[in-house]
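Participant:
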Amino acid sequence: MTDAHPPHQAAVTVAYQGNPGAYGEIAALNAQPGAATRGYPTFHEVLDAVSRGECELGVIPVENSLMGAILQAVDLLLETELHAIREITVRVSHAIMAMPGVKLGEVRRVYSQQPALDQCTSFLKKHTLTPVTAHDTAGSAKDLAARGARDEAVIASSRAADLYGLEVLERGIEDEAFNFTRFLVLSRHEPLPSAEPHKTSVVFAVRHTPGFLLETLNELRGLNLSKIESRPRKDRAWSYLIYIDIEGDARDPQVALALAGVLRKASFAKIIGSYPMALEAVEP
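Taking the working numbering, the leading residue of the sequence shown gets 5, the next gets one more, and so forth.
Here's what the structure looks like:
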């Protein structure tokens with residue numbers, strides 16, 4: 005039997021991947037009012053910190069509005085016993101930053117995580133800047149501040165510039181303004197019931213039989229599926245897992261009945277969580 009959340013909400017620590025100033029930290033700061041945050045090098049270490057009780061909550065990014073699913077994080081959801089208890093959507097607004105006093109014309113190389121570089125391709129080409137892949141956005145800012153190089157810049161959040169003493173050369177340099185990353189907040193405990201609009205995330209596999217996947221999906225008819233995606237199974241070649249997000253609370257009778265139908269037909273199924281959905285984006 006799964007424990008419910010403790011009734012007393014004491015100050016918590018929220019784990020995220022990256023360094024202070026990362027978009028993951030921005031999500032973590034919004035996971036619970038007054039929460040402390042702690043960065044870890046990898047998504048796996050974030051989940052491990054929560055599982056061990058080192059942190060009460062963790063946030064991992066599962067989807068970007070431009071780049072699609074963040075597959076490494078999505079696959080980890082299958083391996084963890086943690087519950088998704090909330091989603092947070094963070095507006096991704098990239099800034100280019102350098103050492104104080106450096107002008108854009110002096111910059112030759114720009115460091116950042118590959119997705120951030122990809123999202124700023126037009127800006128980099130316009131200014132003839134050489135992109136250099138680094139582990140994460142805020143970590144690039146931290147490293148540049150330590151190196152003090154005056155022919156280098158970094159793409160990261162404006163918060164990273166403030167934290168590491170860098171100077172923002174230009175803001176909003178991403179190619180597309182409609183750029184958001186969706187994070188899940190994970191906990192060892194299931195969320196308490198609430199009246200907020202909910203989303204339910206489930207992953208399942210079915211027999212490799214003609215028409216059986218469609219038959220299973222028909223159990224969800226009448227519900228709004230905000231996402232459906234297949235991922236290859238790691239334990240069986242040419243077999244796939246189906247990830248689905250349903251708009252609705254698993255406690256709602258219609259949703260519960262549909263999930264029961266899926267569970268009856270699936271050869272494997274796991275509910276990742278049923279949680280309040282993000283109604284608006286957090287600004288960095």
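Quick reminder that beta carbons are idealized off the backbone N, C-alpha and C, glycines included.
For clarity, every value in this text was computed on a predicted model and none was experimentally measured.
#1: Evaluate contact between the segment 203–223 and the segment 258–273, counting only Cβ atoms and requiring at least three cross-stretch pairs below 8 Å.
#2: Under a three-way DSSP split, which group does residue 110 fall into?
#3: For residue 75, collect the residues of the same chain with a Cβ closer than 8 Å to its Cβ; drop the 5 residues on either side in sequence, then sort them by chain order.
#4: Just to confirm, are residue 140 and residue 68 a CB contact at a threshold of 8 Å?
#5: Can you list, in chain order, the residues of its chain whose CB lies under 6 Å from that of residue 228, leaving out five sequence neighbours each side?
#6: Give the single residue among 208, 206, 214 and 28 whose Cα lies nearest to the Cα of residue 45.
#7: Take the Cβ of residue 195 as the centre, count every other Cβ of all protein chains shown within 10 Å, and call the residue buried at 16 or more, exposed below.
#8: If you reduce the DSSP assignment to three classes, tell me which class residue 191 lands in.
#9: Relative to the alpha-carbon of residue 32, which residue among 78, 79 and 93 has its alpha-carbon at the smallest distance?
#10: According to DSSP, simplified to helix, strand and coil, what is residue 277?
#11: Roughly how many angstroms lie between the CA atoms of residue 54 and residue 100, to the nearest whole one?
#12: Under a three-way DSSP split, which group does residue 139 fall into?
#13: Where do the ends of the alpha helix (DSSP H) carrying residue 235 lie?
#14: Cα-Cα, which of 213, 231, 249 and 255 is closest to residue 243?
#15: Which partner residues does residue 249 have in the DSSP bridge list?
#16: Under the rule that 16 or more other beta-carbon atoms within 10 Å means buried, what is residue 288, buried or exposed?
#17: Closest to residue 193 by CA distance: which of 277, 97, 47 and 113 is it?
#18: Whose C-alpha, out of 57, 86, 90 and 35, is nearest the C-alpha of residue 200?
Facilitator: Straight from the coordinates:
#1: When C-beta atoms of the segment 203–223 are compared with those of the segment 258–273, three or more pairs fall below 8 Å, so the two segments count as touching.
#2: In the structure shown, residue 110 sits in a helix (DSSP, three-state: H, G or I).
#3: Excluding its 5 nearest sequence neighbours in each direction, residue 75 has C-beta neighbours in its own chain below 8 Å: 235, listed in chain order.
#4: Against a cut-off of 8 Å, the Cβ pair of residue 68 and residue 140 comes out as no contact.
#5: For residue 228, the CB contacts under 6 Å within the same chain, skipping 5 residues up- and downstream, are 251 in chain order.
#6: With distances taken between CA atoms, residue 45 lies nearest to 28 out of 208, 206, 214 and 28.
#7: Buried, since its Cβ has 16 or more Cβ neighbours within 10 Å.
#8: Three-state DSSP puts residue 191 in a strand.
#9: Of the candidates 78, 79 and 93, the residue whose Cα lies closest to the Cα of residue 32 is 93.
#10: Strand, per DSSP.
#11: Straight-line Cα distance between these residues: approximately 33 Å.
#12: Under the three-state reduction of DSSP, residue 139 is assigned to coil, being neither helix nor strand.
#13: For residue 235, no alpha helix (DSSP H) run applies; the uninterrupted beta strand (DSSP E) run containing it begins and ends at 229–236, by DSSP.
#14: When 213, 231, 249 and 255 are compared, the shortest CA-CA separation from residue 243 is found for 213.
#15: The partner list for residue 249 (beta bridge, DSSP) reads 205 and 231.
#16: Of the residues assessed, residue 288 falls on the buried side of the cut-off, its CB having 16 or more other CB atoms within 10 angstroms.
#17: Answer by Cα proximity: 277.
#18: Just measuring C-alpha positions, the residue of 57, 86, 90 and 35 sitting nearest residue 200 is 90.
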